[in-house]
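Residues in the sequence shown are numbered from 1 upward in steps of one, following the UniProt record's numbering. This report concerns only the one structure given below.
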Amino acid sequence: MEKYVTKKHRSTQLDIARQIGVYSLLMVAGVIVLIPLIWMISTMLKPSDEIVRMPPIIVPEHPTIE
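In structure tokens:
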């Protein structure tokens with residue numbers, strides 16, 4: 001068995017690692033963008049008393065559009 005890694009194989013491994021890194025960063029950025037959007041939609045559907053409730057809830061118990 002050969003223990004040598006060819007230059008092409010090494011560059012392929014680097015490309016895969018780079019793609020994993022890029023997609024991981026994109027997923028984190030997507031979550032960071034989606035959290036406020038989900039919070040705004042959730043708050044829009046809550047009645048006034050649920051907006052100030054502690055601890056806050058994401059899914060409204062009694063959704064309404066006032």
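Glycine is no exception: its CB is placed at the ideal position from the N, C-alpha and C atoms.
- DSSP places PRO36 in the helix class (H, G or I) of the three-state scheme.
- A check of alpha carbon separations from ILE58 across MET40, MET27, LEU26 and THR64 identifies MET40 as the nearest.
- Around MET44, the same chain offers ILE65 as residues with beta carbons nearer than 8 Å, after the five sequence neighbours per side are excluded.
- For ILE65, the secondary structure class from DSSP, reduced to helix, strand or coil, is coil.
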